[in-house]
Structure formats: structure tokens, C-alpha cells
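Sequence positions in the sequence shown follow this note's numbering and run 956 to 1110.
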Amino acid sequence: AVVSTQSTGKLSVTQQTELEWSDIEAKFQSFSSRSEEQDARIGALLVEKGIATSQLAEAIASKAHLTQQVEEERGKLSRVSSLQDEQMISLQKRESKAAMHAKHLQRQVSKLTDELSDLEAQFRLRFEEETAKFHAESTKLQNENRTLRRALKHT
């Protein structure tokens, strides 16, 4: 920013304060944009976690359905031929695959939950640090402003 100076070549108190506040606002805008990027990343992870959770629920429902079918087939086994024995084996294989898929999806949901927790912790820490810096700088400038105003009153 171009600032005019008095004949002494020094910035006026108002000009100096405006420059300092402009610098603080720029730092805060930079922090805000980083915060928005973190929010977007957290949102994407939440969507991904929701999809994985939905797939897990579907896999669990599928497993329950297949388990029910296996139980129904077991009840018929005493009366059925070897052909039905082969069907039973096929259903058990499908049930086993569904169980393995459900476990895989549970691990994915757990991993995404951990990543989300890590991101939230990082965001909270960064936010607290930036907020503390902002408040410290604001307080410093307010104190300097008061000191300069008092000095101006006495001149």
C-alpha cells in the first residue's frame, strides 16, 4: 500500500495503525482460506465414510439374508438329495464372501473415522494457535494505539 508521509518522512499514527490492521486482516483471510480447505477435506471424508457405512449396512443385511437362507436349507437337508447339498455349499460360500466383505467395509469405516478424527484434531489445534496469535497481535495493537493516542493528547 502506498502511504503518504508527513514532511518529517514518518507515517502518521493513523496510517501506521491502518497498515498494521491491514496486515492482520490479510493474515486472518489466509487462515480463513486454509480453514475452508480443511472443512472441504473433512466434508469429503464424511461423505466417503457415509458411503462406506451404507455399503457396510448393505453387506450386513445381505449376510443376514444369506444366513437365514442357509438355516432354511439346513432344515430341509434331512429330506433332500445331494443336489441340495451342493446348493448348501454354494450358499455357505456366498455367506462367507459376504462376511469377508462386511469385515473389509468395517475396516474401511474405522480407517476413515480415524482419519477424520486426526483431521479434526489438527484443525482444532491450528485454529487455537491462529486465534491465540490473532488475539495477541490485536491486544498489542490496541495497547500501542492507546499509547499513541495518549502521546498525541500531550503534544
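Just so it is clear, CB atoms sit at the ideal spot from N, CA and C, and this is done for glycine as well. Computed from a predicted structure; not experimentally measured.
- With a cutoff of 7 Å on beta-carbon distance, Lys1018 and Ala1053 are scored as near each other.
- The alpha carbon of Arg1079 has as its nearest neighbour, out of Asp1040, Asp994, Ser1051, the alpha carbon of Asp994.
- Under the three-state reduction of DSSP, His1059 is assigned to helix.
- According to the DSSP assignment, Thr969 belongs to the alpha helix (DSSP H) that extends over 968-1031.
- Your pair Ile979 and Glu1092 checks out as a contact, with CB atoms roughly 6 Å apart and the cut at 8 Å.
- His1090 carries a helical assignment under DSSP once its states are collapsed to helix, strand and coil.
- By the CB criterion at 7 Å, Thr972 and Asn1100 fall inside the cutoff.
- Setting aside the 5 residues that flank it on each side, Gln1042 is surrounded in the same chain by Glu1028, each with a C-beta closer than 8 Å to its C-beta; the list follows chain order.
- Contact annotation: Ala1057 and Ala1016 have beta-carbon atoms that are not nearer than 7 Å.
- Burial of Val1064 is indicated by the presence of at least 16 other C-beta atoms within 10 angstroms of its C-beta.
- Glu1050 counts as buried, since no fewer than 16 other beta carbons sit within 10 angstroms of its beta carbon.
- The shortest C-alpha to C-alpha distance from Ser985 to any of Gln1024, Leu966, Arg1081 is the one to Arg1081.
- A residue is called buried once 16 or more other Cβ atoms fall within 10 Å of its Cβ, and Leu1021 is buried on that count.
- Look at Thr1102 here: in three-state DSSP terms it is helix.
- Residue Ile1006 holds the alpha-carbon nearest to the alpha-carbon of Leu1060 among Gly1030, Ile1006, Leu1001, Ser1037.
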